[in-house]
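> Quick one: the structure is below, questions incoming.
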Amino acid sequence: MSSSKNGLIVPATINKRVGFLLSPKKKRKTIFDAFAQLCGKTGIELVEIDLNVPLEEQGPFDIIIQKITDYMAEATEGDEASEKTVQSLKVYLQAHPQVKVLDPLDSVEKLCDRVISYKVMKQCEIQDNGWKAYIPNFVAIDSLDQKENLRRIKEANVEFPMVCKSVIGHGSEVSHQMALIFNQEGLQDLNPPCVVQQFINHNAVLYKIFVAAHKYCTVVRPSIKNFYRNLDLKKTIFFNSHDVSKSDSDSHLSVLDKFDEDEDPTPTDNILVGKLVKRLRDKLNLTMFGIDIVVEKGTKNHVVIDINYFPGYEGMPSFPKDMLQYIHLLLGEGEEEVGLLDIGPPTIPVIS
């Protein structure tokens, strides 16, 4: 038997267990609180996994939701405790292949390395109705030899200005620390191992595409102004991407020059973005990820500058509903059966 409450069908008994393994920061977000509440109302016991207790003692689980990119990053840097944590989850999942995981660890690991994720994006570029969705030219730098670095940069057709980013794409504060390099002299500011990516003028507007299974939402954020003049004389600009592109950011780097102020931002094209989301979702084998897109000034081309796993989803109020629908579908239950159709505003479905 089940009862109706606030438009939801509430099961009489809870018979599914979903474990979650998230960072404290992710758990603190109110959007995750809303997701947890909906789980309880629709027949799911949401269980926080304790890393200090063997997973075998905490199961069984029907699904595990994880974001352990911080442990992955620390393991890459040689932290033995983090490596043990990652390995313990891998061993558990191998021993219990019936447990579904959001998302597969090998898929998430691809996004922890910008070189790998950018190569995947390169394979997913799209041309549609005269517009393109592409990733700017990029190259990995692992040397302090400026002549060798310049040779690599030219060989990869990366032009000035360019953005220098860490190879680590997730799980570490260093992944947000970047440098905008304008000329050859600025190459001395490279901090290998890193990736340099050509900077594209985009009128200081960033579009964050939040993907939740079969739905996505576009959120507008501030970004970095256009650069045209006297680049040979400009010093490298060091910045933290969180300081520039949060919803409440107020950075001087986002202030357009006067001759750019009258130009209205070019919105993203839903059809092109939908095709890109589907292509990336299938190629990466991920259900929860974010795409950072800028629209190139003068062309309207959509330029992917980063991809990240399990973003914050701020600005996507339907995330709890969208993910819960997907989880119930994974559990073999239609969304009508669990009364999810009227929860929250709609998001845009990905084109199949």
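Using the working numbering, the final residue of the sequence shown is 359, and nothing's skipped along the way.
Where is the CB? At the ideal position from N, CA and C, for every residue including glycine.
Fair warning: this is a prediction, and the values are worked out from it, not measured in the lab.
1) CA-CA distance, H103 and V202?
2) L287 and I300 - do their beta-carbons sit closer together than 8 Å?
3) Under a Cβ-count criterion, where at least 16 other Cβ atoms within 10 Å of its own Cβ denotes burial, should I160 be classed as buried or exposed?
4) Can you find the residues in the same chain that come closer than 6 Å, C-beta to C-beta, to R115, ignoring five residues on each side of it along the sequence?
5) Are the segment 191-211 and the segment 140-159 touching, with three or more C-beta to C-beta distances below 8 Å?
6) Roughly how many angstroms separate the alpha carbons of E268 and G305, rounded to a whole number?
7) Of the residues L293, I56, I72, T273, which one's Cα is nearest the Cα of Q65?
8) Just mark F39 as buried or exposed, buried being the case when its beta carbon has 16 or more other beta carbons within 10 Å.
9) Write down the C-beta distance between L96 and P327 rounded to the nearest angstrom, noting that I regard them as a contact closer than 8 Å.
10) How big is the Cα-Cα spacing for V218 and F296?
11) Under 8 Å, with one C-beta from each stretch per pair, do the segment 169-176 and the segment 110-129 reach the 3-pair mark?
12) Nearest-angstrom Cα distance between H249 and I133?
13) Around the Cβ of P143, are there at least 16 other Cβ atoms within 10 angstroms (buried) or fewer (exposed)?
14) Is the Cβ-Cβ distance between V108 and Q130 less than 8 Å?
15) CB-CB under 8 Å to V181, same chain, minus the five flanking residues each way: which ones, in chain order?
16) K222: buried (16+ other C-beta within 10 angstroms of its C-beta) or exposed?
17) If you draw a straight line from the alpha carbon of Y272 to that of A140, how long is it in whole angstroms?
18) Would F167 and F145 be called neighbours here (beta carbons separated by less than 8 Å)?
19) Tell me M295's beta-bridge partners as DSSP assigns them.
20) Express the C-alpha separation of C171 and T1 in angstroms, rounding to a whole number.
21) If distances are taken between C-alpha atoms only, which option among L100, G193, V280 comes closest to D135?
Taking the coordinates as given:
1) Taking the first residue of the sequence shown as position 1, residue 103 is located at position 96. Taking the first residue of the sequence shown as position 1, residue 202 is located at position 195. CA-to-CA, the gap between H103 and V202 works out to about 37 Å.
2) Numbered from its first residue, the sequence shown carries residue 300 at position 293. Numbered from its first residue, the sequence shown carries residue 287 at position 280. Their beta carbons are not under 8 Å apart, which means I300 does not touch L287 by this criterion.
3) If you number the sequence shown from 1, residue 160 lands on position 153. By the 10 Å Cβ count, I160 comes out buried.
4) On the sequence shown, position 108 is the one that residue 115 refers to. Here the sequence assigns Val to residue 115, which means Arg is not the residue at that position. Within its own chain, the residues whose Cβ lies closer than 6 Å to the Cβ of V115, once the five positions on either side in sequence are excluded, are Y316, listed in chain order.
5) Cβ pair count under 8 Å is three or more, so yes.
6) Your numbering for residue 268 matches position 261 in the sequence shown. Your numbering for residue 305 matches position 298 in the sequence shown. Cα-Cα distance, rounded: 14 Å.
7) On the sequence shown, position 58 is the one that residue 65 refers to. When only C-alpha atoms are compared, the closest one is I56.
8) Walking along the sequence shown from the start, residue 39 turns up at place 32. Per the 10 Å Cβ criterion, buried.
9) Start at 1 with the first residue of the sequence shown, and residue 96 comes out as number 89. Start at 1 with the first residue of the sequence shown, and residue 327 comes out as number 320. 24 Å between Cβ atoms; not a contact.
10) Looking up residue 218 in the sequence shown gives position 211. Looking up residue 296 in the sequence shown gives position 289. Answer to the nearest angstrom: the Cα atoms are 5 Å apart.
11) In this structure the segment 169-176 lies against the segment 110-129, because at least three pairs of beta carbons, one per stretch, are closer than 8 Å.
12) Position 242 of the sequence shown holds residue 249. Position 126 of the sequence shown holds residue 133. Taking the straight line from one Cα to the other gives about 28 Å.
13) Here residue 143 refers to the residue found at position 136 when the sequence shown is read from its first residue. By the 10 Å Cβ count, P143 comes out buried.
14) To locate residue 108, count along the sequence shown from 1; it is residue 101. To locate residue 130, count along the sequence shown from 1; it is residue 123. Taking 8 Å as the Cβ cut-off, V108 and Q130 do not qualify as a contacting pair.
15) Position 174 of the sequence shown, counted from the start, is the residue given in the question as residue 181. Answer for V181: S173, I175, listed in chain order.
16) Within the sequence shown, numbered from 1, the residue matching residue 222 stands at position 215. By the neighbour-count criterion, in which 16 or more other beta carbons inside 10 Å mark a residue as buried, K222 falls on the buried side.
17) Along the sequence shown, one-based indexing puts residue 272 at 265. Along the sequence shown, one-based indexing puts residue 140 at 133. Here the sequence assigns Pro to residue 272, which means Tyr is not the residue at that position. Looking at the two C-alpha atoms, the distance is approximately 17 Å.
18) On the sequence shown, residue 167 is found 160 positions in, with the first residue counted as 1. On the sequence shown, residue 145 is found 138 positions in, with the first residue counted as 1. By the CB criterion at 8 Å, F167 and F145 fall outside the cutoff.
19) What you label residue 295 is simply residue 288 of the sequence shown in a count that begins at 1. Note: M295 sits in a beta bridge opposite A219.
20) The structure shown does not extend to residue 1, since the chain is modelled only from 8 to 359, so the question has no answer here.
21) Numbered from its first residue, the sequence shown carries residue 135 at position 128. When the alpha-carbon of D135 is set against those of L100, G193, V280, the nearest one is in V280.
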